[in-house]
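Each remark here refers to the structure printed beneath this line.
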C-alpha cells in the first residue's frame, strides 16, 4: 500500500474513532418509537386495499369460514406457555411458512383477493421475512471442521432446493397480485430480485467448493455428489439478466434499489456491472447500506486502496451514517485486510466511561435477538428518513468483538488469557451474553492442543452456567435435572463455581442464546479428545462417554419420531427437553473426566 493510501486510511480511521468517542450521551432510541404497522398507513397500501376491494366487488365469492380460520391461525399462531415458548415471544417468529402457504392455497383463487384487509399486509410481510431463505439449514463456514465433504455438498444442495421452493411460492403470490390488479411494492420487487438471483456468501461457497475438490474420485458415489454440487452451484444470473431486471425498476430507481443491484453484482463477482452502476451515486444519495456494501466488497477483494477511499468518503462527508453496524463492518474488514492493530484500536475506543447504562426500553440496542435487530432497523430507518445528522452514541454488539475473537481463536500464538480478555469485555463490561457461535469458536481453539486442560475445564464449566442462565424461564426444571445426576464431588465444585458467577441479567423475552446443537457437542468432544492426547486412559473414557451419548440421543430421537405431532405440541417440547438433558449430561461426564 502506498504512503498516501496509508495516510488516507489512518486519517479516516481517526475520524471514525472520533465519531464513536465524541458522540452525545443519548442513543438512537430517543427518537419516537417507529410504528411496526406503518405499511398499513402508506398511500401505497391504501391503493392496494382499494384494488382488492374492487376485485372482490367484481368477483364476489364466499370463503369457507373453516378455510379462512385455518389461514388466520397459521398467520397468527398462538402457543401456550410450554417449555421454551414464552407468551412474550413475538408470534411472527413462530409462523410455520409451509403451513401458512398450504392454508393460503386453499383460499379461492387468486388467494390475495380473499384475504381480509386487516390481514393482507401482515401476510405479505410474513412471506417476505422468511429468514431461513438465507440459512435454510445449519450449514456454516465452520461446518468444514465437523462434516465430511459429501455431507457438506448434500446440505448445500438441500438449502438450494429449499430456496427454490420458497421462491416459486413467492412468484405464485406475485402472479396472484397481478391477477387481482394489485401493485407490487418496491420492497417486494427488491425482494424478488434478491431471492431470484441470490448467491451464497463467499466463505460458504469457498467451503463447498473445497468439499467438491476433496471428493474421492475412486468411490462409486463420486458422480452422485459431483452432479449434486454442479446442479446446486448453477445460477440464473448473468449481466443481461440483471439488465432486464433494471428495466423493470426504471420507475422505482432509488438508493435502496441501487444497493440491491450493487449487492447482487458483488455477490456474483460481476465487476463490470458493479462498476457500471457506480456513476448512479452521482445522482442518488448513498445511505448506510451503500457504504456497508462498498467496504465489504473491497475488504473481500483485498483492495486496501479503494477500501480506504470509501472509508474516507464515509468519515468525511457522511459521518452521521456511521452506526454500530457500520463500525462492525469496518472492524471485520480490517481483520480481513490483516490490519489487526487498526481493528484492535477501533474496538478499544468503546469505553464504558463514554456511555450511560441502558434502560429497559433500550435493551434492543444490544441486538441480541431477531426482534431486537428488527426494532433497531426500524429506529435507524426513522433516523435516516428524518434527515437528522446528530451523532448518537453507539452501543457495541456481539459483532463488535467477534472478528478479533475469531482471529484469536485460530491464531496459534495467542494465549488463552487474551481470548478471555475479549470475552470479559463483551460479557461483563457490556452485558453481551456468550452465544453458541462464540462457544464453537472457543472449543475449536482447543483442537490444535495449544490450551491447557485447566482452560478446557474452565470454559466447559462456563458453558454449563451460561446455558442455565439463558434458560432462566425453565430454571426450576434445569436444576431438578442437573441435581438428579449423581455428580462426583470434584465436579460439584466446578459446577457450583460457575453457578455462583455474576452472569449478566437478561430478561426472558430476550431469548435463549446457547443452543446445545449437535455441532457444538461435536466440537466439545473434539476439544476433549485433542486435549487428552497425552492421557490415553482419560481419552478412552471420553470416547466411551461419547459413544454412550450418541446411542442415547439416537434412541431418544427414534422414540420422538414415533410419537411426533405437527406444530409446537407438548410432545415436541418434552422431546427437546430430553435431548437437551442428554447433551448436558454428556458435557458433565466430560467435566468429570477432567476433574
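Numbering (the numbering used here), first residue to last: -19 to 575. For every residue, glycine included, the Cβ atom is placed at its ideal position computed from N, Cα and C.
Straight-line gap, residue i to residue j (C-alpha atoms, nearest Å)
i: residue 169; j: residue 302; result: 28 angstroms
i: residue -16; j: residue 290; result: 14 angstroms
i: residue 238; j: residue 250; result: 15 angstroms
i: residue 265; j: residue 530; result: 56 angstroms
i: residue 213; j: residue 243; result: 19 angstroms
i: residue 495; j: residue 36; result: 47 angstroms
i: residue 108; j: residue 3; result: 35 angstroms
i: residue 408; j: residue 402; result: 10 angstroms
i: residue 329; j: residue 380; result: 11 angstroms
i: residue 156; j: residue 92; result: 6 angstroms
i: residue 46; j: residue 78; result: 18 angstroms
i: residue -10; j: residue 158; result: 52 angstroms
i: residue 394; j: residue 382; result: 15 angstroms
i: residue 347; j: residue 361; result: 16 angstroms
i: residue 241; j: residue 415; result: 33 angstroms
i: residue 542; j: residue 96; result: 39 angstroms
i: residue 550; j: residue 135; result: Model confidence at residue 550 stands at a pLDDT of 45, short of 50, so the residue's coordinates are unreliable and nothing is read from them.
i: residue 55; j: residue 524; result: 47 angstroms
i: residue 559; j: residue 366; result: 49 angstroms
i: residue 398; j: residue 493; result: 23 angstroms
i: residue 441; j: residue 166; result: 50 angstroms
i: residue 465; j: residue 534; result: Any reading at residue 465 needs caution, since the residue's pLDDT is 44, under 50, leaving its predicted position unreliable; the model's value is listed next. Rounded to whole angstroms, residue 465 to residue 534 spans 20 angstroms at the Cα level.
i: residue 29; j: residue 39; result: 15 angstroms
i: residue 106; j: residue 173; result: 17 angstroms
i: residue 384; j: residue 26; result: 48 angstroms
As assigned by DSSP and simplified to three states, the class of residue i
i: residue 395; result: coil
i: residue 6; result: coil
i: residue 95; result: coil
i: residue 482; result: In this predicted model, residue 482 has a pLDDT of only 44, less than 50, meaning its place in the structure is not dependable; the value taken from the coordinates is given anyway. Residue state, collapsed to three classes: coil.
i: residue 412; result: coil
i: residue 163; result: coil
i: residue 180; result: coil
i: residue 90; result: coil
i: residue 536; result: helix
i: residue 263; result: coil
i: residue 569; result: helix
i: residue 202; result: helix
i: residue 369; result: coil
i: residue 503; result: helix
i: residue 347; result: coil
i: residue -17; result: helix
Opening and closing residue of the alpha helix (DSSP H) in which residue i lies
i: residue 82; result: 77 to 85
i: residue 322; result: 320 to 328
i: residue 48; result: 45 to 55
i: residue 315; result: 304 to 316
i: residue 390; result: 378 to 390
i: residue 513; result: Looking at the DSSP string, residue 513 is not in any alpha helix (DSSP H), and its letter there is neither H nor E.
i: residue 300; result: It is not in any alpha helix (DSSP H) - residue 300 carries neither H nor E in the DSSP assignment.
i: residue 364; result: 350 to 366
i: residue 226; result: 219 to 228
i: residue 38; result: 23 to 38
Tell me, please, whether the stretch 374 to 386 touches the stretch 338 to 347 by the rule of three or more beta-carbon pairs shorter than 8 angstroms.
yes
Give a yes or no on contact between the stretch 385 to 403 and the stretch 342 to 357, applying the rule of three or more CB pairs nearer than 8 angstroms.
no
Please determine if the stretch 258 to 278 and the stretch 188 to 206 are in contact, where contact requires at least 3 C-beta pairs separated by less than 8 angstroms.
no
Is the stretch 503 to 517 touching the stretch 408 to 427, taking contact as three or more C-beta pairs under 8 angstroms?
yes
Tell me, please, whether the stretch 293 to 302 touches the stretch 277 to 285 by the rule of three or more beta-carbon pairs shorter than 8 angstroms.
no
Whether or not the stretch 560 to 568 and the stretch 523 to 540 are in contact is what I'm after, with contact meaning three or more pairs of Cβ atoms, one per stretch, closer than 8 angstroms; do they touch?
yes
Are there three or more Cβ pairs, one per stretch, closer than 8 angstroms when the stretch 226 to 236 is compared with the stretch 139 to 158?
no
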